[in-house]
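Engineer: Let me begin by handing over the structure; questions about it come next.
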Amino acid sequence: MNEAEDLRQQLDSTVLRMEENYRMVVLGRLTAGIVHEINTPIGAIFSNNDVIRRSCGKVREQLSDPALNVPPAILKMMKVIESLLDVDRMACERIATIIRGLKTYARVDESELREVDLGELIGNTMKLVQSECKCRVALETHFAEIGPVQCYPALLSQVIMNLIMNAVQAIEQEGTITVRTSLEEGEALVEITDTGVGIPLENQARIFSAGFTTKELGVGTGLGLNIARRIIVENHGGRIWFKSEPGVGTTFYLRLPLRQPVSASKEISA
Ligand SMILES: Nc1ncnc2c1ncn2[C@@H]1O[C@H](COP(=O)(O)OP(=O)(O)OP(=O)(O)O)[C@@H](O)[C@H]1O
Ligand SMILES: [Mg+2]
Numbered sequence: 002m003n004e005a006e007d008l009r010q011q012l013d014s015t016v017l018r019m020e021e022n023y024r025m026v027v028l029g030r031l032t033a034g035i036v037h038e039i040n041t042p043i044g045a046i047f048s049n050n051d052v053i054r055r056s057c058g059k060v061r062e063q064l065s066d067p068a069l070n071v072p073p074a075i076l077k078m079m080k081v082i083e084s085l086l087d088v089d090r091m092a093c094e095r096i097a098t099i100i101r102g103l104k105t106y107a108r109v110d111e112s113e114l115r116e117v118d119l120g121e122l123i124g125n126t127m128k129l130v131q132s133e134c135k136c137r138v139a140l141e142t143h144f145a146e147i148g149p150v151q152c153y154p155a156l157l158s159q160v161i162m163n164l165i166m167n168a169v170q171a172i173e174q175e176g177t178i179t180v181r182t183s184l185e186e187g188e189a190l191v192e193i194t195d196t197g198v199g200i201p202l203e204n205q206a207r208i209f210s211a212g213f214t215t216k217e218l219g220v221g222t223g224l225g226l227n228i229a230r231r232i233i234v235e236n237h238g239g240r241i242w243f244k245s246e247p248g249v250g251t252t253f254y255l256r257l258p259l260r261q262p263v264s265a266s267k268e269i270s271a
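Start counting at 1 in the sequence shown, then tack on 1, and there's your number in the numbering used here.
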């Protein structure tokens, strides 16, 4: 390869990185803004629901006094209102859970190295893809007690999200995605296994290349694994690899040191 071609390739890949970084920063800010805007009204609905629910219970108790002779239809109506309020509360809890997950994903202080509970980070990230899984993909988790792991949470969450989305997309009809964490040789090991179509042998050497995708236009950009590898290897000094059997499924592995060297806490360059 001549020097000009070499330089052009370097330039192309730098432009690609910059575009992706810009997209992530914009998305992060937008999400953080939405999270903030939704959090406040959800808090108000939560506490109002609590007050109304307790008040309704008390009113029904009072009205149940036989001396008052309240028609049974009114008491029945009160019961229906209470059960609807319980459903509202559950819906609020669901929204609050999703918002907590988004907070981890969109953390704007992504350049900050922090100690996290890996299981919690993965669990929060998985909540965001649950709607994609609908009823066709079962999500299973087996998290070991591995203690705090020092990492860039937003970036790591982005990697987990990419790997799980790939797994979901690899399952054509019904299947299972299993996420495991364990401690191996003093490092954290994350395994994401799917029962999807697997990766054909001829593609296996190319899946980490920027732009390689087998998905339709508009579905995949082919950047997910390339970015994931950069985040794991360059930002965390870890390793990422996979084993795949076409027709059976795929497992992606992440190995992460529990602590980052002091010099790693400088501004990240992803
Ligand atoms: N779990 C998996 N099972 C089967 N094939 C996979 C799996 N993960 C990745 N691949 C293959 O590797 C290719 C590259 O994956 P990558 O995440 O880099 O890009 P993408 O998913 O196609 O697009 P993007 O992530 O940008 O939306 C995929 O198009 C797919 O062919
Ligand atoms: Mg992908």
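Each residue gets a CB set at the ideal place from its N, CA and C atoms; glycine is no exception. Predicted model, so just to flag it, every value in this text is computed and none were measured.
Expressed to the nearest angstrom, what Euclidean distance is found between the alpha-carbon atoms of E21 and G58?
Structural biologist: Our two residues, E21 and G58, have alpha carbons roughly 53 Å apart in a direct line.
Engineer: Measuring CB to CB, does G1 end up less than 8 Å from S245?
Structural biologist: The requested residue 1 does not occur in the structure, where the chain is confined to residues 2 to 271.
Engineer: What does V52 pair with, by DSSP beta-bridge criteria?
Structural biologist: Per DSSP, none; premise fails for V52.
Engineer: Assuming contact is defined by CB atoms lying nearer than 8 Å, are L122 and M162 in contact in what I supplied?
Structural biologist: no
Engineer: Please name the residue in E185, N125, E141 and I178 whose C-alpha comes closest to that of G148.
Structural biologist: E185
Engineer: Return the residue from the list T179, G238, N227 and Q11 that minimises the CA-CA distance to V160.
Structural biologist: Ranking the options by Cα distance to V160, first place goes to N227.
Engineer: Can you give the Cα-Cα distance for P154 and N49, rounded to whole angstroms?
Structural biologist: 33 Å
Engineer: Starting from D195, follow its DSSP beta bridges and name the residues at the other end.
Structural biologist: Partner residues in the beta bridge of D195, as assigned by DSSP, are I178 and T251.
Engineer: According to the neighbour-count rule (16 or more other Cβ atoms, all chains shown, within 10 Å of its Cβ), is V191 buried or exposed?
Structural biologist: buried
Engineer: For the alpha helix (DSSP H) containing C134, list its first residue and its last residue.
Structural biologist: L119 to C134
Engineer: Take the Cβ of V52 as the centre, count every other Cβ of all protein chains shown within 10 Å, and call the residue buried at 16 or more, exposed below.
Structural biologist: That one is exposed.
Engineer: I43 and I96: beta carbons closer than 8 Å?
Structural biologist: yes
Engineer: For the candidate residues P258, P247, F253 and V220, whose alpha-carbon lies nearest to that of G238?
Structural biologist: P258
Engineer: What residue does the alpha helix (DSSP H) around S245 start on, and which one ends it?
Structural biologist: That residue, S245, is in no alpha helix (DSSP H); its beta strand (DSSP E) goes R240 to E246.
Engineer: Tell me P258's beta-bridge partners as DSSP assigns them.
Structural biologist: E188
Engineer: Secondary structure at A139, three-state DSSP: helix, strand or coil?
Structural biologist: Under the three-state reduction of DSSP, A139 is assigned to strand.
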